[in-house]
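*Asks:* One structure is given below, represented as structure tokens, and several questions about it will come after.
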Amino acid sequence: MAEKAIVAIIMGSESDLPVMQEASKILENFDIPYDMTIVSAHRTPDRMVEYAKAANENGIRVIIAGAGGSAHLPGMTAAFTTVPVIGVPIKTKNLDGVDSLLSIAQMPPGIPVATVAINGAKNAGLLAVSILALFDTQILQKLQQYRSAMQATILEKAKQLEKHDFQGYGGELGE
Ligand code: RP5
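According to the numbering used here, the sequence shown is numbered sequentially starting from 2.
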């Protein structure tokens with residue numbers, strides 16, 4: 002039987018999926034069970050309320066919510082649950098995602114949403130991992146290994162660049 006999800010990845014539209022998959026990839030790397038679905042604050046408002054209200058009882062410990070434009074999903078979800086919500090502002094065509102960023106980040110005092118960068122779903126996944134690592138030593142160890150590996154990669158690239166050896170440098174640092 003599949004393990005019960007402890008993280009929920011929700012998004013306003015299927016069009017957000019290419020970005021939000023970066024969060025799911027991280028959770029898969031860390032063997033963290035997650036649910037992923039579409040919940041729209043504007044198009045399916047009742048579903049959003051039900052989903053948010055049931056999250057805690059359903060065992061969800063972190064919600065990652067991606068939305069673009071007038072991105073109310075993370076904030077409104079946070080209004081209906083005490084489960085921590087990480088908002089991912091999705092880049093938009095007309096305003097480059099600044100609209101999404103401000104809609105998600107500028108929460109009124111009392112109901113916080115942890116906001117990552119525009120299209121920053123990878124960091125949203127990693128932030129969820131950090132939160133879970135507070136209470137799970139296996140996840141903590143994996144997170145420490147992940148960071149050590151990242152550090153080793155960067156130090157290796159630095160050595161290469163210092164030798165003016167640009168061969169094999171694909172520009173992938175930090176990605
Ligand atoms: C938001 O509207 C979604 O999160 C999406 O980023 C944006 C556009 O949605 P679609 O028109 O592509 O479905 O609710």
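Yeah, the Cβ is synthetic: ideal placement off N, Cα and C, and Gly gets one too.
By how many angstroms is the C-alpha of Leu127 removed from the C-alpha of Glu163?
*Replies:* Distance between the alpha carbons of Glu163 and Leu127: 30 Å.
*Asks:* Is the beta carbon of Thr82 less than 9 Å from the beta carbon of Asn57?
*Replies:* Contact: yes.
*Asks:* Among the residues of its own chain, which have a CB less than 8 Å from the CB of Ser25, if the five just before and after it don't count?
*Replies:* Ile10, Tyr35, Met37, Gly126.
*Asks:* With respect to the beta strand (DSSP E) encompassing Thr90, which residues constitute its N-terminal and C-terminal limits?
*Replies:* Reading off the sequence, residue 90 comes out as Pro, not Thr. That run of the beta strand (DSSP E) goes 86-91.
*Asks:* When you compare each of Ile33, Ile119, Asp166 to Ala72 by their alpha carbons, which one comes out closest?
*Replies:* Answer by Cα proximity: Ile119.
*Asks:* Going by Cα to Cα distance, which pick from Gln168, Gln139, Phe167, Asp17 is closest to Asp32?
*Replies:* The option with the nearest alpha carbon to Asp32 is Gln139.
*Asks:* The alpha helix (DSSP H) spanning Gly76 covers which residue range?
*Replies:* Element bounds for Gly76: 74-80.
*Asks:* Could you tell me how far apart the beta carbons of Gly69 and Ser101 are, in whole angstroms, since I believe they sit closer than 8 Å?
*Replies:* About 5 Å; that satisfies the 8 Å criterion.
*Asks:* Mind checking if Asn57 is an interface residue toward chain B, Cβ cutoff 9 Å exclusive?
*Replies:* The structure shown contains no chain B, having only a single protein chain.
*Asks:* Using DSSP with H/G/I as helix, E/B as strand and the rest coil, what is Ala3?
*Replies:* In this structure, Ala3 counts as coil in the three-state DSSP scheme.
*Asks:* Considering just the uninterrupted stretch of the alpha helix (DSSP H) at Asp47, what are its terminal residues?
*Replies:* Unbroken alpha helix (DSSP H) run through Asp47: 46-56.
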